[in-house]
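So the structure is just underneath, and the comments pick up after that.
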Amino acid sequence: MKDDKLLRWVLTFYTALVFLFVFAPIAASLVFSFNSDRFPTIPLGSFTTDWYVKAFSNPEVWDAALRSLIVSSVTAVIATAIGFSAAYTDYRYDFVGKKAFLILSLLPPTIPLIILALAMLGWLSMFNASGMTISIIIAHTVLCAPFAMAVIRLRLNQMDPNLEPAAWNLGASEWVTMKSVVIPFTLPSIIASLCLTAAVSFDEFAVAWFVSGLNKTVPVVILEILTGNIDPQVNAIGTAVFLVSITLVVIAQVLVLRPAKKPEAA
Amino acid sequence: MAEPLVVFENVVKRFGTFEAVKRMNFEIREGEFLAFMGPSGCGKTTTLRMLAGLEQPTEGDIRLAGKSLVDVKPHERDTPMVWQSLALFPFLNARENVEFGLKMRGMDKPARRKKALDWLERLGIGEFAERDVNSLSGGQRQRVALARALVTEPKILLLDEPLSALDAHLVIRMQGVLTKLQRELGITFVYVTHSQSEAFAMADRVVIMSKGEIAQIGSARDIYRTPASRFVAEFVGRNNIFAGTVNSAGNVETAAGTFTLDGKARPGEKVSFVVAADVVSLATSKPAAPNVFTAQLISEEFVGSMVTLFFEAPGDTEIKVQVQERSLEGIPREPGQQLFLSFDPSHAHILKG
């Protein structure tokens, strides 16, 4: 019993350490975003919201924020639609080359981002489609669709294989069944996928930096401010970005981890 | 005479090279309770799924009320089904589940709501109408599934092992509910099960299937008393099977003894015959009856007031005897006990094939 207690303490301590390791830099960024000193040093200066004022009065930041918002929401919708179709295809049909189809459709996140970014830039340039907002959307959709598929597939795998036939059996055509059975059943995962892909797109730097040209997204702007000089504005922007992303990810996690309701035992 | 409600004509179903259903011909009469029974993989569920349109027959024709179903999509057939997994829609409550079929038929909201509630009431779960289906008990969910299938007032209801997930006491209750409903509605029930007790308790006619073929169609009584083949006799279980050669006097010489079958066997023939477990008599001393043989008691098994005794007769012949527990008074029942067993020649049924 005593050992159990000791083990619990050790595990708790270890978990706390992991969280500290992950969140310390973000917490530091948050703290310094309200610090009046120009350089991030201890002891801290006085409390200020100047950096937020400065950051949000910069039209370039607003411009980038608006673009990031458009890119991430459009990407989320398209990637989720593609991800849903791929997941449903996997759930419903058996065909020759299905394994290859699955590997290909889950491949993009395993490609190093720099390689994907370079390839995207080269490819989009061939159609004179680089350096535009739509370029970022196309590239991000490629990157995000596999996440959408993975999330929706998880939910579809919990669906009773007789649920669709039961709907047909009661007079619903395949399209009506899609609308009135499959989509309602997978809705939590669809919303989770929208949040998750939006967050991935909102945060993504490498691909956006390569294909965006002059149409910068928030992460690209942060880097540009940083390369000029050390400016605590970055902490303010970073904190705002973090809050947006973490909110989306938490919503996604809650929806994905919530299990399909199991009937009570007979 | 009008054509029966359902006709299967030379129906074959192959999955790749596997023949799940081999050239089936049978009819389902209007208003009957028909049960398909057989071991798993015998093709009974495939047969039901073909009727619902969830599988297409590879060959042959299926007609419902005189109309060929072969090119009719599942949602255009009026063949509602109660599923083994129930397949209730988890994102809808009990009433909305029942309304689903009516909604698909374009019935307006107040009408379908009323009808759904009527059916839930009829099945005794009216008070749970607005409950989430996942919060209902197994028996209640079963009734929602039944209401959902019956609400459109079909001519035929398909049931695919609907009771297999229920506790034993609920199974008996639901059997009562099902037979009562079927009598009241007068519609045809087609019921698939691997459970002999369910099939025999409810069905007017039972179809025994084996390896994609119909082994026998008949009433529970016919199948039990006069099984068509060794497979059926063994599958039904409560049968004793004897095999032997008919001697010149017309008696069958088996390992367990020589028996007279009242001239039902021709001399020289090799025959198998069955004697049901509940027509074998027991005695401690040799009775003055035909067809007496001795056997050694191995074990016994109780089901309610009935007891099944397992014996071994000469030649490793396994014998089952089913009697009322009360009737065993005065008969010693220690394992190893030798007893005299006998049966009347009229109770022996000769197997074909």
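Chains as they are written, first to last, in our numbering: chain A, 78 to 343; chain B, -4 to 348. Beta carbons are placed, not taken as given, at the ideal position from N, Cα and C, and that holds for glycine.
Is it buried or exposed, residue 39 of chain B, if we count other Cβ atoms within 10 angstroms and call 16 or more buried? With 16 or more Cβ atoms within 10 Å of its Cβ, residue 39 of chain B is classed as buried.
Every unbroken beta strand (DSSP E) inside the segment 46 to 79 of chain B [3 residues or more]: 54 to 59
Check whether the segment 309 to 324 of chain A and the segment 222 to 237 of chain A are in contact - that is, three or more C-beta pairs closer than 8 Å. no
Quick test of the definition: if touching needs 3 or more C-beta pairs under 8 Å, does the segment 52 to 63 of chain B touch the segment 167 to 181 of chain B? no
Under 7 Å by beta carbon: chain B residues contacting residue 237 of chain A: 80, 82
Would you list, in chain order, the members of the segment 46 to 62 of chain B that have their beta-carbon closer than 7 Å to a beta-carbon of chain A? Contact residues of the segment 46 to 62 of chain B toward chain A are 47, 49 (C-beta to C-beta distance below 7 Å).
Interface flag, residue 234 of chain A vs chain B, CB-CB below 9 Å: Cβ-Cβ to chain B under 9 Å: no for residue 234 of chain A.
Roughly how many whole angstroms lie between the Cα atoms of residue 89 of chain B and residue 237 of chain A? 17 Å
Just verifying my parser: in three-state terms, what is the DSSP assignment at residue 150 of chain B? coil
What first and last residue would you give for the alpha helix (DSSP H) that runs through residue 283 of chain A? 283 to 288
Going by C-alpha to C-alpha distance, which of B/130, B/85, B/281 sits closest to residue 262 of chain A? Each of B/130, B/85, B/281 was checked against the Cα of residue 262 of chain A, and the nearest Cα belongs to B/85.
Exposed unless 16 or more other CB atoms sit within 10 angstroms - verdict on residue 316 of chain B: By the C-beta density criterion, residue 316 of chain B is buried, having at least 16 other C-beta atoms within 10 angstroms.
With three or more C-beta pairs closer than 8 Å as the rule, is the segment 115 to 131 of chain B touching the segment 147 to 160 of chain B? Taking a contact to require three or more Cβ pairs closer than 8 Å, the segment 147 to 160 of chain B and the segment 115 to 131 of chain B do not qualify as touching.
What residue range does the alpha helix (DSSP H) around residue 192 of chain B cover? The continuous alpha helix (DSSP H) containing residue 192 of chain B extends over residues 191 to 197.
Beta bridge counterpart(s) of residue 317 of chain B as assigned by DSSP: B/303
With a threshold of 9 Å between beta-carbons, can residue 250 of chain A be considered close to chain B, or not? So, interface residue.
Measure the C-alpha to C-alpha separation of residue 18 of chain B and residue 50 of chain B and round it to an integer number of angstroms. 15 Å
Continuous alpha helix (DSSP H) assignments of at least 4 residues falling wholly in the segment 116 to 159 of chain A: 127 to 133
Please report the Cβ distance between residue 291 of chain B and residue 307 of chain B, rounded to the nearest whole angstrom; I am assuming they are in contact, meaning their Cβ atoms lie under 8 Å. Between residue 307 of chain B and residue 291 of chain B the Cβ distance is about 5 Å, and since that is below 8 Å, they are a contact.
Three-state secondary structure (DSSP) at residue 251 of chain B? coil
Cα separation between residue 191 of chain A and residue 284 of chain A? 7 Å
What residues in its chain sit with their C-beta under 8 Å from that of residue 97 of chain B, if we drop five residues either side in the sequence? 106, 107, 110, 111, 146, 147
Counted within 10 angstroms of its Cβ, other Cβ atoms place residue 278 of chain B as buried (16 or more) or exposed: exposed
Where DSSP assigns a beta bridge to residue 267 of chain B, which residues make up the other side? According to DSSP, residue 267 of chain B bridges with B/238, B/346.
Beta-carbon proximity check, residue 215 of chain B vs residue 201 of chain B, cutoff 9 Å: yes
Interface flag, residue 246 of chain A vs chain B, CB-CB below 9 Å: yes
What's the C-alpha gap between residue 184 of chain A and residue 12 of chain B? 35 Å
Sort out for me which residues DSSP pairs residue 203 of chain A with in a bridge. BP columns for residue 203 of chain A are empty, so no partner.
Can you have a look at residue 330 of chain B and say buried or exposed, based on whether 16 or more other CB atoms are within 10 angstroms of its CB? Around the beta carbon of residue 330 of chain B, a 10 Å sphere encloses fewer than 16 other beta carbons of the protein chains shown; the residue is thus reported as exposed.
Does the count of Cβ pairs from the segment 294 to 304 of chain A and the segment 90 to 101 of chain A closer than 8 Å reach three? no
Taking only beta carbons into account, state which residues of the segment 146 to 164 of chain B come closer than 8 Å to chain A, listed in chain order. 147, 160, 161, 162
Could you pull the start and end residues of the beta strand (DSSP E) that residue 202 of chain B belongs to? 200 to 205
Taking just the CA atoms, how far does residue 119 of chain A sit from residue 95 of chain A? 23 Å
Identify which residue in B/270, B/159, B/182 has its Cα closest to the Cα of residue 193 of chain B. Residue B/159 is the option with its Cα nearest to residue 193 of chain B.
Closer than 9 Å, CB to CB, is residue 164 of chain A near chain B or not? So no, residue 164 of chain A is outside the interface.
Same chain, Cβ closer than 7 Å to residue 231 of chain B, five either side skipped, listed in chain order: The residues are 191, 218, 219, 222.
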